[in-house]
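What follows is one structure encoded as C-alpha cells, with my remarks underneath.
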C-alpha cells in the first residue's frame, strides 16, 4: 500500500484555539457579558448562536482530533468544527470592524488570522480526506487501523 501523507491531527495552534473556544463561550453565557462590538453589531439570536458556536465548535473539534475510530471520521468531525470556528471568528471580526472601524485594525487582523487559519486547516483536511478516499479505491479497503501515516500518527 502506498505511503499516505496525511497531515497530523495534532496541530498545536488549532488545538490551542479549540481548547480556548468552549470556556470563552461558556463565560460569555454564564457571566451574561459580551464585547460591545457584538452587542452593537449582532441581534440577540445571532449573539446566542455565536456563543454556542464557540462552545460547540471547540468541543466537536477536540472530539474529532482525539477520535479513536476511523481516521476519515475523525477528520470529518474536525472539518465541521474548523469551518464553524472560521465562520464565527469571521463574524466577530466583521462585528468589530463595523463598530470600531480603523481603530480596531490590529484586533480585526488578529481575529481574521484565526479565521483564515481555520479555513486553511479545513482545506488541508479536505485534501487529506480525498487522499484517504483515493487510497481506499486503489486498495479496496483503505488504510487499516494501525497503519502509520505521517508524524507517527496511525490510521
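In UniProt numbering, the protein residues as written are 1 to 155.
Just so it is clear, CB atoms sit at the ideal spot from N, CA and C, and this is done for glycine as well.
Continuous alpha helix (DSSP H) stretch holding residue 91: start and end
71-100
Residue span of the alpha helix (DSSP H) that contains residue 47, given as start and end: 44-65
*Secondary structure of residue 33, DSSP reduced to three states*: coil
- request: Determine the burial state of residue 85: buried for a count of at least 16 other Cβ atoms within 10 Å of its Cβ, exposed for fewer.
  value: buried
Q: Consult DSSP for residue 124 and reduce its assignment to one of helix, strand or coil.
A: helix
Practice item. For residue 92, I'd like the list of residues in its chain whose CB is within less than 6 Å of its CB, leaving aside the five on either flank, ordered along the chain. Key: 111
Review point. Going straight from the alpha carbon of residue 109 to that of residue 138, what length do you get?
Key: 43 Å
message: Could you check whether the stretch 13-22 touches the stretch 55-68, counting it as contact only if at least three pairs of C-beta atoms, one from each stretch, sit closer than 8 Å?
response: yes
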